[in-house]
Structures are given as C-alpha cells and as structure tokens.
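Take 3 as the starting number for the sequence shown in our numbering and just add one per residue.
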Amino acid sequence: MAIKIYGSAMSRASRVMWCAKELGVPFEHVDIAWDSLKKPEFLAINPNGKVPGFTDGNLSLFESLAINLYLAKKYGTGELYPTNLEDEARVFQWTLWAATEVEPLLIESVLVKFGIFSDAASAKAKADRAKTPLLVLDNHLAGREYIVGSKFGVADLNVAAAVSFARYGEVDISYAPHVVAWLDRCLARQHNPGANA
Ligand SMILES: N[C@@H](CCC(=O)N[C@@H](CS)C(=O)NCC(=O)O)C(=O)O
C-alpha cells in the first residue's frame, strides 16, 4: 500500500486518517509506540520525532494539517479540495489560522485532561484566550454551513481537528454557537466519512 500514516489514533495522526478516509484513499496505519519516536528509523520519516509521520511512495511529510492539504489536493480536487485559486487561498488561510491562532491555545487543556500536563491554571488561561479567534470563526459561520464553499472540505477538516481540542479538553465554547453546531456536523462525519453532500 503506497500511503503509510504513523502514529496512535489518540494523536494528531487521527486527523490524517480522517482525511484519507474522507477521500476513500487506502492507507496503512502504523501504530508506532510513543517511545520509538526518537529512534533513527522514525526520525528518517519525521525528523521532529513526532506523530503523525507520513509517506506516500518516496514522499515523506510532517505537519498533520499540511499532510491533509497534500492528500486533499492530490486525491480530492473538486471534492474536499477547491478548484479555484481564491478558494485554495481561503483553505490555506483557515488552515494556518487553526494551526497558529487556535491549536496552541487549546492543546494544554487536552494534555491536562489526559494527565500529561499538570498546570491547569495555564491551560485555562490559554483556553480563555481562544475566545477571540473562535468568535471570528463563529462570525464567519453565521449563515453558512461550511468554511469554504457550500460543502464540507479540507478547510473544515483541518479547522475542526484543531477546534475539537476544545471538546477533548472540556473547554466551554458555548459563546460560539455556530462553531459548536458546525463542529458537531464535522465530527459526526468521522464515523461516516466520504458522505460529501
Ligand atoms: N504540529 C505538529 C504537532 C505534532 C505533535 O506534537 N505530535 C504529538 C502527538 S499529537 C507528538 O508526537 N508528541 C510526542 C513528542 O512531542 O515527543 C503536527 O500537527 O503534526
């Protein structure tokens, strides 16, 4: 099988597997042990020693959201991935926004929930700061179902992957009701991927 996705289903590898499933692209899931991430064999795949690791034939990639952009463009142009430059730019914009403006503010809450990080006060302070960017997304989603265009796409998948940290970290985002409803729509697909309507 050409595509290999490395990393526990409890890690950011899950968002890449979600994307591959949405696209109907077969892949091999390599559930690499956490204590193997800094070993030379895995560093050859992801030199950061983090998951996900990803290969498609001779290509190795790291950064989960970038991997999803690659997968969606290669295997899903016209479906998960847009066909025009402007919408592609919007996909880049929202993906980078999720990675830089949202995910860093929510990750500590997830780590506290899983007992990996103990500074609950720091996690709470950062999660509180996520309100500002999440209200930007809430405003964008008022009156629309999906982030770019009229159907579920890779922008939704990438942004939902980051915003879902609020759910896993039990961060209350009820101040952003459009985001909550959109996140429910997106995460419901994880159990029924490929149902692009
Ligand atoms: N920005 C990276 C983050 C990768 C990352 O931090 N992965 C975590 C698991 S979700 C990991 O491998 N942690 C182990 C470590 O840092 O040693 C991405 O999205 O791929």
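Cβ atoms here follow ideal geometry from the backbone N, Cα and C, with glycine treated the same way.
7 Å Cβ shell around residue i - same chain, five flanking residues per side excluded
i	result
ILE47	TYR8, GLY55, THR57 and SER62
TYR72	LEU63
LYS115	TYR170, GLY171 and GLU172
SER166	LEU185 and LEU189
Nonlocal neighbours in the same chain, by C-beta distance under 6 Å from residue i, ignoring five residues either side
i	result
VAL150	ASP89, ARG92, VAL93 and ALA157
Coil, strand or helix - residue i by DSSP
i	result
VAL215	Outside the displayed range of the chain (3 to 199) lies residue 215, so it cannot be described from this structure.
GLU30	strand
ILE109	helix
TYR8	strand
ARG14	coil
SER38	helix
TYR177	coil
PHE116	coil
Nonlocal neighbours in the same chain, by C-beta distance under 8 Å from residue i, ignoring five residues either side
i	result
PHE44	TYR8, ILE34, SER38, GLY51 and GLY55
SER13	VAL53 and PRO54
ALA132	VAL104, LEU107, LEU108, ALA168, VAL173 and ILE175
Residue burial classification, residue i (beta-carbon count within 10 angstroms, cutoff 16)
i	result
LEU108	buried
GLU30	exposed
HIS42	Here residue 42 is Pro; the residue named in the question, His, does not match the sequence. Exposed.
ALA163	buried
GLY78	buried
ALA15	buried
ASN70	buried
* To do: At 4 residues or longer, and completely inside the stretch 51 to 95: list those alpha helix (DSSP H) runs for me, N to C.
  => Segments of the alpha helix (DSSP H) lying fully in the stretch 51 to 95: 66 to 78.
* Asked: Do the stretch 171 to 190 and the stretch 129 to 139 touch if we need at least three Cβ pairs shorter than 8 Å?
  -> They touch, by the three-pair rule.
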